[in-house]
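Q:
Chains as they are written, first to last, in this note's numbering: chain S, 1 to 600; chain X, 1001 to 1600.
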C-alpha cells in the first residue's frame, strides 16, 4: 500500500505561497492566529490521517455498514474519529469563539478536511457533516436550539446530517412533501420520508441531528413553502434525558464505493410522534439550507480532489518501482528494463493526474480565501468575495468531481492489470470517487446553476468580477518571461469564454430558456477549464518567483510545478476548442429537438 | 432490472443495411449461407442471451469464483454455457467445414458474440476464449494437435486460454522467461509462471488448454526467441485418458468487476513434469499468437461496446419511467413532474451513450467485413482488406474501451443516486467495463501500435487505403442533401488527421522516435474520433435512403439514427480540435522532458 496520500509540500505551497493564509491574521476576526496555529492544525490532520484514518481505508470498504433489525452497525473508526475530532475541537474550529469555535480560517480547515478526505473519504464525512449541520443551527437557529445542539455536535457526541432528498422528488426540492404540523408547544409534528441521507443512522453515536427540509401545513407550493427543521433521532427532554423521536431507519443503500459511511432511508413520524423545531423563518428553509449546501458543494470538490490525490500517489509509487519494457531507443532485450515512470505515456498519465489534483486543490483554496475574506471584511468588499464564491461554487464542486473520475482512472491505468485488482487501492478509489458528480447536486444541476443563475445574477456582476481577477493574473503573467506564453494562452481562452457567454446570452434574450440551458453542462466544462488554467498560472507565477533562491529539494518541487502547469496549458486547455465549437452552435437545439420515442 | 441489453433492430441495420452481410454469400467460401442462416444465428444468440446469460448477470457478480485448496469454483453458468455453445456448434462456427466448423461469416458471429457480451460479459468469455485458442491450434498446429484438441474445444468440453503475461514482463513480451526444454519424445518440458490468465482454472470443465508463450532453451533473446505451445491442464495419454500435467493454480485475482470469469496465476512445471507441444515453427510464436491476439482485441472492443449497450438500455428504461422536475418553461410546482427523458441534459447523456455504442458497433462490424472479405478473396484484394483490418484493430479495441467507460458513467449518472447503488445494474456495468482498456494490450500500447507500426507499415499503404475508404463515403455524403454538411465536416476532420500525421512524420524522419511516439495515445484518440465519424456518416446515408419508404416504427428508428449521427458530429467530432492543437506541438517533448524526480 502506498504511504503517501497527499502532498504536505503542496498544501504549504498553496496555503502560504499562493494564497498567503497568514495575511488573514491582519484582520481582527483572525488576529489571534498565526503561522504557528495553522501549522499545528495541518500537522494534526496529517498525524490523524496517517495514524487513524488511512490505516482503516481498506477495512472500511470491505466491512461496510450492516443493517439488522432497524439498526445500523458501522466500523469502529466512526466513533473514534467523532471522538477525536470532538475532543480536538476540530468540528467547530471554524466557528466563532462565541459559539465555542476557534475562528480558524476556512482555508486552514479546508486543508485539514483535504488531508482527512485523502486519507479516508468515508471516515471524513462523519465529522464534517456534523460541522455543516451545527453551523446551520448556529447561523439560523434560536438561542435555545443553539444551546441544546451545537455544543454536543461540536464535541462529536451527536452526529449531524442534511436531510433533503425524498423518494418522489429526487433533485427537485420543489417537490418536497414531508409535512410539519405546528403544535401549541412550539415544536412541529414531522411526517415524511427521506432517502440517500449520509451518516443518518448508526449505533455508535449518542444521537443524530437531522437538518431537515419540510413543508409547514398550509405553506405555499414549491420551494417558497419549504422550511428547515432540526429533527433529532432522540429528543432531549426536560430531565436532560433523551427520548426516542419516532425516526426510523427503513433501509440502507448498498453502494459502489464510499462504503464506510452509511447512507440510509429514513421514515419520520410513522407513529405520529416525531418532533421538529423550526430553524430560521417559516418558508425560508431553502435559503438557510443553501448555506450548508454551498459549503457541502465545496467539500465535495475537496473530497474528489483528495481521493484523486491519494490515487495519484499510489500510482506514482507504483510507477517508481515497477520495471517494465525499455526506452523506445533501446530495444536490445539484454539491456535492463526501465522503470515505467521513464516511459513518456506513463509520465503523461501522471502529469494529467497531478494537473487535475493540484489545479482542483488550488481552486478550492481560492474559494476558501473568498470565504475568509467575506468573513473578515464588510460592505462592498464582502459582497465582492461573496459573489466570486457564489460564481465559483459550481466549478469547485464539479471540476474536481468529473475530472477526479478520469484522474483516478488514469492512476488505475498506470498499474495495468494490478490496477483492476484489490491488492492495490486504485480500484477502491475508482469506486469511491464516482459518488461526487452525484451528491449535493449533480453535474447537470451545477451547469444550470452556473449558466442559469450565477453568470447572470446582478446583471452579470459576479462574472465581471471573475474576469477582472483573471485579467490581473494574466497581466502579471505577461510580465514574467517564463509565463508570458501561458498568459497569452489564457487571455485567448478568456476571449473564447466571453464570446461563448455572449452567444448563449443572445438565446436567453430571445426568451428561449430551454435552448439557453440545453448545453449548460458543456458551458460548465468550458468555464471550469479556463478557471483551472487561471489557477495554474497563479501557481506558476509563485513557483517562478520562489525557485530563484531555494533549497535543491524545493527546486525540484517548483520545476515539477512549472512542468505540470505547462502540461495543463498544452494538453487540457486546448479542450475548450472542441467545447466552444459545440456551444457556438447551441442554438440548433439538437438535444431539445430529440424526441423521446426516437431512442431505440 | 432492465429487460433490453442490446438492440436487435440496430444489429439488423448494421448487418444487412449498412454492411450487407448477405452479399458475402456470393463468394464460394460463404455460399452455403444466406439470410436464413444468419437470422437463425442471431435469433439463437438473442434467445440464449435472454434466457440463460442475462438472468445470471448479477448473481455471477455477487458470487465470484472461489479459490480453495488449489481449486477454483465458479458459477454453474460457466459449465452450462460451454455445454450449450459446444452442442450448438457456436464455438467453432466460424471455422472451416474441414475443421468441423460451419464457415459462418465473422460478421454474423460477431453479432452473436456482441449479444452474449451485452447479456453477460463474464459468461461470454468462456466460449469465446475457447474459439480463439482452438482457432490458433487449427491455423498453426500439427494435424495431431488439431485432432487431439480442436474437436474437444469446439464441443465445449475443454476450455481454451491465452497464456502470455508473466510477473516480471507485464505487457513486454520481450521479457517472457517461461522455458521449454526439448525432449526426445517430441514434447517440451515447460517451466514458468503466468499471471492474469482468464478462465485458466476452474473445476466444472473436463480440461483446460493453454496457448502459452515460452522460450525454447538456447533461443535468441527478445521476441525473436518466443515460441508458442499447447500446454493442457491434463494431458491426453495413449489410453484416451487424461493425466495431470503439472499445471498448478497458485492464486486468483480479486477484481473490480468482470467477476464471473476466474483470472488466475499459474505455475507450470514446479514438479518438472509439465509437457508442452510446439505450435508452428520455433521462435515464431509471437506471429502465431498475434492471430489470436488481434481477434481478441476486436473481441475486447465488442465486449466494451456491448456492456455500454446494456448500460444504455438500463439508463434509457429508467429515464422513460422516472418523473422528476419540470420543463424549464413550466416551473409551476402544481403542474405534474416531467419524465427525466424530457430534460435536454438527460437526452444529451442518452445521445452520447447511443453515439458511442452504435458508432463502436458499426466500426466493429466494419472490421468484421474486412475479415470476411479477406477470407473470401485472394491476392491484392485480400491484402487490401488485411491491411485495413490491421490498421483499424487498435481503434476497434481502444475506442469502445475508453469511450465505453465514459458511456457507462453517463448511464450511471442518468440514475443519480440510484446509479451508485446495487439495486440497479449500472454500478456493475461501470466496474465490468473498466477492464477493457487494460487487457489484450493497454490503450497506451494500442497508440504505439497505430502510430509506430500500422500507419507507417508498407510505406503508409494501409493509411492511404483507409483515406480512400473515407473519401468514398464523403463523396457519397456530398450527394445527399441531408448529409452534405456532415460530409463537409468529415472532410475537414480528415484534413486535420492528414496534417497531424504529416507533422508527426517529420519528427519520425529526424529519428526522434521517443518524441514521435510520446503522444501516440492522443493520436489514437484523434484517429478514432475521425473513424467513428466516418462510421456515423455511413449509417446516416443508409438511414436517409431507407426512411423514404418504411413502416412508422422504422421511421422512428431512422430518425433516431440520424439525430444520433448529428449529435456525434456536433458534440464528439469537434473534440479533435483540442487534440490536434496538442499534437501540432508534440515536438516540444513535454512528457519526454519531465524528469521522474520532479513528480512530487
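For glycine and all other residues, C-beta sits at the position ideal for the given N, C-alpha and C.
1) Would residue 440(S) pass as a contact of residue 231(S) if the rule is Cβ separation under 7 Å?
2) Hey, out of 1194(X), 1209(X) and 1183(X), whose CA is closest to residue 1154(X)'s CA?
3) Answer with yes or no whether the minimum CB distance from residue 1178(X) to chain S is below 7 Å.
4) Name the one or two DSSP bridge partners that residue 198(S) has.
5) Under 7 Å, Cβ to Cβ, is there at least one residue of chain X near residue 599(S)?
6) Does the beta carbon of residue 1608(X) come closer than 7 Å to any beta carbon on chain S?
7) Would you please state the rounded distance, in angstroms, between the beta carbons of residue 1278(X) and residue 1229(X)? I believe it to be under 8 Å.
8) What's the gap between the Cα of residue 1138(X) and the Cα of residue 1199(X)?
9) List, in order along the chain, the chain X residues whose C-beta lies closer than 8 Å to that of residue 95(S)?
10) How would you write the range of the alpha helix (DSSP H) that residue 1508(X) sits in, first residue to last?
11) Applying a beta-carbon distance threshold of less than 9 Å, which residues of chain X neighbour residue 557(S)?
12) Run through chain X and tell me which residues come within less than 9 Å of residue 35(S), C-beta to C-beta.
13) Along the chain, where does the beta strand (DSSP E) that runs through residue 1073(X) open and close?
14) Which same chain residues end up closer than 6 Å to residue 1542(X) when comparing Cβ atoms and leaving out the 5 residues on each side of it in sequence?
15) Report, in whole angstroms, the separation of the C-beta atoms of residue 356(S) and residue 308(S), which I expect to be a contact under 8 Å.
16) Alpha carbon to alpha carbon, how far is residue 1364(X) from residue 1311(X)?
17) Hey, how far is the Cα of residue 1534(X) from the Cα of residue 1470(X)?
18) Under 8 Å: do the stretch 443–451 of chain S and the stretch 1282–1289 of chain X share three or more Cβ pairs, one atom per stretch?
19) I believe residue 481(S) touches residue 1222(X) by the beta-carbon criterion, under 8 Å. Please report the beta-carbon distance rounded to the nearest angstrom.
20) Taking only beta-carbon atoms, is residue 1344(X) less than 7 Å away from chain S?
21) Using DSSP bridges, identify the partner residues of residue 188(S).
22) Near residue 1464(X), what residues of its chain come up, given a Cβ to Cβ distance below 7 Å and the 5 sequence neighbours on each side ignored?
23) Out of 70(S), 141(S) and 45(S), which has the shortest C-alpha to C-alpha gap to residue 640(S)?
24) To the nearest angstrom, report how far apart residue 276(S) and residue 170(S) are at their CA atoms.
25) Determine which residues of the stretch 1421–1445 of chain X have a Cβ less than 8 Å from any Cβ of chain S, and write them out in chain order.
26) Output needed for residue 267(S): all residues of its chain with C-beta closer than 7 Å, excluding positions within five of it in sequence on either side, in chain order.
27) Can you confirm whether residue 1618(X), when its beta carbon is compared against all beta carbons of chain S, has any partner nearer than 7 Å?
28) Which first and last residues belong to the alpha helix (DSSP H) in which residue 1364(X) is found?
29) Hey, residue 398(S) and residue 528(S) are a contact pair by Cβ (cut 8 Å); roughly how many whole angstroms apart?
30) So with CB distances below 8 Å, who are the chain X contacts of residue 336(S)?
31) Where do the ends of the beta strand (DSSP E) carrying residue 321(S) lie?
32) Would you verify that the beta carbon of residue 1513(X) is, or is not, closer than 7 Å to some beta carbon of chain S?
33) Could you tell me whether the stretch 176–194 of chain S touches the stretch 90–108 of chain S, using the rule of 3 or more Cβ pairs below 8 Å?
34) With burial defined as no fewer than 16 other Cβ atoms inside 10 Å of the residue's Cβ, what is the status of residue 1094(X): buried or exposed?
35) From the DSSP output, which residues share a beta bridge with residue 244(S)?
36) In chain X, what lies closer than 7 Å to residue 174(S) by C-beta?
A: With the given structure in hand:
1) Taking 7 Å as the Cβ cut-off, residue 440(S) and residue 231(S) do not qualify as a contacting pair.
2) From the listed residues 1194(X), 1209(X) and 1183(X), the smallest Cα separation to residue 1154(X) is found for 1209(X).
3) no
4) Answer is 263(S), bridged to residue 198(S).
5) The beta-carbon of residue 599(S) is placed less than 7 Å from the nearest beta-carbon of chain X.
6) Only positions 1001 to 1600 of chain X appear in the structure, and residue 1608(X) is not among them; the question remains open.
7) 6 Å
8) 20 Å
9) Those within 8 Å of residue 95(S) in chain X number zero; the least Cβ separation is about 30 Å.
10) 1481–1509
11) Neighbours of residue 557(S) in chain X, taken as residues at a C-beta separation under 9 Å, are given in chain order as 1598 and 1600.
12) Ordered by position in chain X, no residue passes the 9 Å Cβ test against residue 35(S), which lies about 21 Å from the chain.
13) 1071–1073
14) 1017 and 1018
15) 6 Å
16) 19 Å
17) 6 Å
18) no
19) Their Cβ separation, rounded to whole angstroms, is 47 Å, which puts residue 481(S) and residue 1222(X) out of contact at 8 Å.
20) yes
21) By DSSP's assignment, residue 188(S) forms a beta bridge with 182(S) and 276(S).
22) none
23) With chain S running from 1 to 600 in the structure shown, residue 640(S) is simply not present.
24) 22 Å
25) 1421, 1422, 1423, 1427, 1430, 1431, 1434, 1435, 1437, 1438, 1439, 1442, 1443 and 1444
26) 193, 248 and 250
27) Limits of chain X in this structure are 1001 at one end and 1600 at the other, which puts residue 1618(X) out of reach.
28) 1344–1376
29) 7 Å
30) Result: empty, since nearest Cβ-Cβ is about 10 Å, beyond 8 Å.
31) From DSSP, residue 321(S) is part of no beta strand (DSSP E) but of the alpha helix (DSSP H) over 285–321.
32) yes
33) no
34) buried
35) 234(S)
36) 1333
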